[in-house]
Amino acid sequence: MDGENGFLDELGGIERIVSRLINVKVEFKSEGKAEFTQQLDDLVLQFQKELQNRHLHLDSNAPTFMDRLQSGLVLISDDCNSYLILKSNEKKSLQRTAYIEAVDATINDLLNYFKDNFAYCFNFQMRVPHSLKNAANVILGKEWNGLLPKLKSAGIDEDLLSVLSSYQHDMQLYSRSSFYELDYWYAVTNSFKKIDLEKTQDIQYDLFSQLCYLNFNYFPLLQYCIKKIQRNYDEVESYREEFIKITVQIRTLNQLIVKPNYGYNQNAETLSEALCNIMKNEIICIKKLLNINLKTLTANGAKFFLQQFYFKISISMEQFLFIFRLMIDKGIVQVKRKADLFEFIHSHVGTANKDNLSIGNMQNTYAENNRKTAIRVKVLLQSLIAQIDEKYLSLFCVLSFF
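Next up, the structure:
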């Protein structure tokens, strides 16, 4: 523990400087600025040399030693910060204030040096000095106030923006001020800044790729994802299409890179794991709904008929769907869910070019108001009317005459 005693001597040197500066009962004999700065630089160099020379011999005592060193520096920094707050309005303390600010900045630089170079024994869960927290709030608060409007303009929805805004608010609280939490906040901020908002083709995907990499398993974000992923299955157009879509999303999530041993909450499952589990539960639900539909058809004695029944049409899919749309609009054909109609057409109707029509294409085509399709269907219906006149009504008229 000799290394520890040597270090505590250096800590005492900083304590004595601060005590002399903030003790108003002690006459303040300020050195010149250059001399004072040199004194601080000498202490910093001594700190760094001591730790570099002795950290290899600390072994299992390294975390305990670093913890005591951090605690001492944080307390001294907080003493400086308290003095600056109390004396901020006293003109006579301007020179003392400038020197104390220099000491406080030196302490924060030392803490960052230890954190960056001796991470293996650094206590990341310890609270940062108040001045370091204040500086982070100002710097990162300004960054986020600029980032959030840019993300909104890029197409991020309001609910997700609300989640990110909530995270910013939480991180600015003094209850969230460990070294790890501040480092993580910086990491999230820098990852957002890497996204090229002007060139991105899918801002939601790019953003979630970054969030998954950093394991941003922030509870409000998980709640947002649950609401987005969980479906209202009365409104789902096709169970099978939904099944395929979610399966592809799970594969995409599993392919994303995740930074190991990192995250907003390292004790909980990762963001990508949580999202995959939510989606897997949705797949289980879809499978049950598909089985219910199959059992219903079997119970009605329709399974064999539906499997065997198949025909092709000579008109295009667009025209065929438009005719069905007309009949549904007029109430001639009545279906509870258009998804059932699309499933039936997909399984039992083909065209000259395709044996099976895509459900996704049918959904898009059905919703379109295509003038060309309407004109072609009108011509087709007029030809049918002409056929009725020629083949059926003319014969009816002849029979009526007799």
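Anchor point for the sequence shown: position 343 equals 347 in my numbering, and the numbering is continuous, going up by one each time. All residues carry an ideal CB built from backbone N, CA and C; glycine is no exception. Note that the structure is a prediction, hence the values are computed from the model and not measured.
| Item | Value |
| --- | --- |
| Helix, strand or coil at F128 [DSSP, three-state] | coil |
| C-alpha gap between M283 and D161, whole angstroms | 20 angstroms |
| For T193, the nearest candidate out of G145, N65 and L115 (CA to CA) | G145 |
| S404 versus N368 - alpha carbon distance | Only weak support is given to the placement of S404: the predicted model assigns it a pLDDT of 44, under 50, and the question is left unresolved by the model. |
| Assigned secondary structure, S276 (DSSP; H/G/I helix, E/B strand, else coil) | helix |
| 6 angstroms Cβ shell around L310 - same chain, five flanking residues per side excluded | Since pLDDT at L310 reaches only 44, below the 50 mark, its modelled position is unreliable, and no value is offered. |
| 7 angstroms Cβ shell around A390 - same chain, five flanking residues per side excluded | none |
| Top-ranked residue by Cα proximity to Q205, from V383, A158, Y268 and Q338 | A158 |
| Residues that DSSP places opposite G354 in a beta bridge | K316 |
| Alpha helix (DSSP H) segments (min. 4 residues) lying fully within the region 201–234 | 207–217 and 223–233 |
| Identity of the residues DSSP links to S182 by a beta bridge | R131 |
| Best match in E105, I248 and R329 for proximity to I290 [C-alpha to C-alpha] | I248 |
| Buried/exposed call for T256, threshold 16 Cβ in 10 Å | exposed |
| Three-way DSSP call (helix, strand, coil) for D161 in this model | coil |
| Contact between the region 373–389 and the region 337–354 (3+ Cβ pairs under 8 angstroms) | no |
| Close Cβ partners of Y266 (< 6 angstroms) along its chain, the five nearest in sequence each way excluded | N219 |
| Best match in S195, N295 and L115 for proximity to E147 [C-alpha to C-alpha] | S195 |
| Separation of L388 from Y396, as counted between CA atoms | 11 angstroms |
| R380: first and last residue of the uninterrupted alpha helix (DSSP H) it sits in | R375 to Q391 |
| Opening and closing residue of the alpha helix (DSSP H) in which E322 lies | M321 to D333 |
| Minimum length 4: unbroken alpha helix (DSSP H) runs contained in the region 241–276 | 243–259 |
| Per-residue DSSP class, three states only, for R72 | helix |
| Contact under 8 angstroms by Cβ, Y188 with Y268 | yes |
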